[in-house]
Amino acid sequence: MNKVFRIALIASLLFTAGGCDFFQGLEEEENKGPIVARVYDSYLYQSELEDIMPNGLSADDSISFVQNYINVWAKNELMIYKAEFNLTEEQKQFEEQIKNYRNDLLKFAYQQKYVDDRLDTSISDAQVKEYYEAHLDNFQLKENILQLRYLSVPKDAPDVDKVSALFKSSKAEDQKALLDYALSFARSFSLEDTSWISFNEFRQLLPIRTYNQQDFLAQNKFVEMEAEGLVYFAEIKNYKIKDNPSPLIYVEDIIRKTLVNKRRLDLIAELEKNLLSDALKKKEFETYP
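In this text, residue positions in the sequence shown follow our numbering: the first is 10, and each later residue adds one.
What follows is the structure, encoded as structure tokens:
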């Protein structure tokens, strides 16, 4: 069943079910096809339903979709009609707001095109470091952060009693053995990641209970604990306390976005300056005393 025939059939069923014979007396408007609904002097045409009708709906779903669409359309038209008659002329003066809104959209679109054609988004490591050092006061930590290695294994895993020694060893062969063990038996692990994480993220990895994060970080190089059938091993490799400068790597992404945004703003300022300068030169803009 093609879409046009399906909509015509649905409209017919809807009107039959509603006992509506008003539309039988209405002529089809040229190029728009049959009318399927009316609110005062506004009409909804079958061709408009054809444009928005999804494919693949069942007969029942199609009827429901058309009925809902007609109801939404009718409520919108009724609201506009009532507003026209119940608001004063002063309350209906939207021309200036519409003009300003359109102008804002035009300016934004033109600025966006100008920026997109010229914006260099590549930021070097040297530029990141330079900005970081020049604005160090802006990168004070809001929370405690740390770098760690960790491993969690079921407490009944084979040779779990040997994991602690492997975990604390600095020998290359022991670290390889630990990785092999983690790949075979660990529930979760991270042995080489150098990322900084917040203390709250740390507590999501290990069920740590402490009322003083700073004391915990200062007093615990290695952590071993058991909870809910798992044995946890962690090494706190480094940490930073809040209200101290953030490590550069921790804020690197923020700095890159900041620098790109600054370039964007500089380009917009350049555009505005050039527009004004060119208009003055060409006498397209003048001021009068």
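C-beta atoms are modelled at their ideal positions from N, C-alpha and C, and glycine is treated no differently. Bear in mind the structure is a predicted one, so any value in this text is a computation, not a measurement.
Under the three-state reduction of DSSP, which class applies to R158: helix, strand or coil? strand
Which residue comes first and which comes last in the beta strand (DSSP E) that contains V232? 231-236
Could you give the distance in angstroms between the alpha-carbon of N95 and the alpha-carbon of L87? 12 angstroms
Length of the line joining the Cα atoms of G42 and F117: 39 angstroms
Does the distance from the C-beta atom of L215 to that of Y241 stay below 7 angstroms? yes
Suppose the cutoff is 8 angstroms on Cβ atoms and the five residues either side in sequence are ignored; what does the same chain contact list for Q223 look like? N153, I250
Spatially closest choice to N270 from Q149, S193, A181, D125, by CA coordinates: D125
Classification of A26 by the beta-carbon crowding that lies within 10 angstroms, buried from 16 upward: Caution is warranted here: a pLDDT of 45 is assigned to A26, below 50, making its placement in the model unreliable, and the coordinate value is therefore given only provisionally. Exposed is the call here.
Would you check whether the ligand COA has a heavy atom nearer than 6 angstroms to the C-beta of D146? Summarising the ligand content, the structure contains no ligands, and the ligand COA is consequently not present.
Could you compute how far the alpha carbon of I263 sits from the alpha carbon of I277? 21 angstroms
Quick check: the Cα distance between E36 and N109, rounded to an integer number of angstroms? Because the pLDDT at E36 is just 49, under 50, the model does not fix this residue reliably, and the point stays unresolved.
Could you give the first and the last residue of the continuous alpha helix (DSSP H) run that contains N64? Unbroken run through N64: none, as it is neither H nor E.
Check whether P254 and F148 have beta carbons under 7 angstroms apart: yes
According to DSSP, E244 sits in a beta bridge with which residue or residues? R158, F231
Excluding the five sequence neighbours on either side, which residues of its own chain have a C-beta within less than 7 angstroms of the C-beta of R272, listed in chain order? L128, D129
Opening and closing residue of the alpha helix (DSSP H) in which F117 lies: 104-127
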